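Please read the structure below before turning to the comments.
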Amino acid sequence: MAVRMRIQPIEKTLRLITDGALSPKAQSAAVAAFARTKLREAQAQNRRVLKREPAYRQFVDNVEGRPLEQVRPDGRIVFTFEIGADLVGFILAELQRVSPVDSGDYKKSHLVFADGRQVEP
1 MAVRMRIQPI EKTLRLITDG ALSPKAQSAA VAAFARTKLR EAQAQNRRVL
51 KREPAYRQFV DNVEGRPLEQ VRPDGRIVFT FEIGADLVGF ILAELQRVSP
101 VDSGDYKKSH LVFADGRQVE P
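Printed below as a string of structure tokens:
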């Protein structure tokens, strides 16, 4: 019996309310500093869990690669981390770890599929 599962990205949204008394430039700097702190926290968590720092993409006001300091005061900063391959590898390793061992054929026969296609971890 096949089991199908679609991995949905985890999105963590944080809102920062900037002080209206600050100039637009100072508001942008505050937003950028906040985002940089949250990025460092996410990277530290990824290092703890994955034992490495996965690549990430940075979007500032929907423009990939734009510097954080160029965010509009009411703008948006998004970081996306590439951890899908790590997840697939972990799942396969766990399957193999808990598989019964007789000849070892069953343990070696697991296949992993993502979006209907077989993937190699």
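Residue numbers (my numbering): 1 to 121.
Ideal Cβ positions, reconstructed from N, Cα and C, are used throughout, including at glycine.
Predicted, not measured: the structure shown is a model, and the values here were computed from it.
In this structure, does DSSP put residue i in helix, strand or coil?
i	result
Ala114	strand
Ile7	Reliability fails at Ile7, whose pLDDT of 49 lies under 50, so the model's placement of it is uncertain and no value is given.
Met1	For Met1, the predicted structure reports a pLDDT of 38, less than 50, and the residue's modelled location is therefore unreliable. A value from the coordinates is still provided. Met1 falls in the coil class under three-state DSSP.
Tyr56	strand
Within the continuous alpha helix (DSSP H) that includes residue i, where are the two ends?
i	result
Glu41	Pro24 to Leu50
Can you check which of these residues, the options, is closest to residue i by C-alpha distance?
i	options	result
Leu111	Arg66, Pro100, Glu64 and Leu95	Leu95
Glu53	Phe113, Asp86 and Tyr106	Asp86
Glu82	Leu39, Asp115, Gln118 and Ala55	Ala55
Val133	Phe113, Ser109 and Ala35	Absent from the model: residue 133. The displayed extent of the chain is 1 to 121, so no value can be given.
Leu22	Arg57, Asn46, Asp74 and Arg40	Asp74
Flag this pair as yes or no: are the beta carbons of residue i and residue j separated by less than 8 Å?
i	j	result
Val71	Ser28	yes
Val63	Val88	no
Ala42	Glu69	no
Lys108	Val101	no
Thr80	Arg57	yes
Residue ranges of each alpha helix (DSSP H) run of no fewer than 4 residues wholly in the stretch 58-120, ordered along the chain?
-> 84-98 and 105-108
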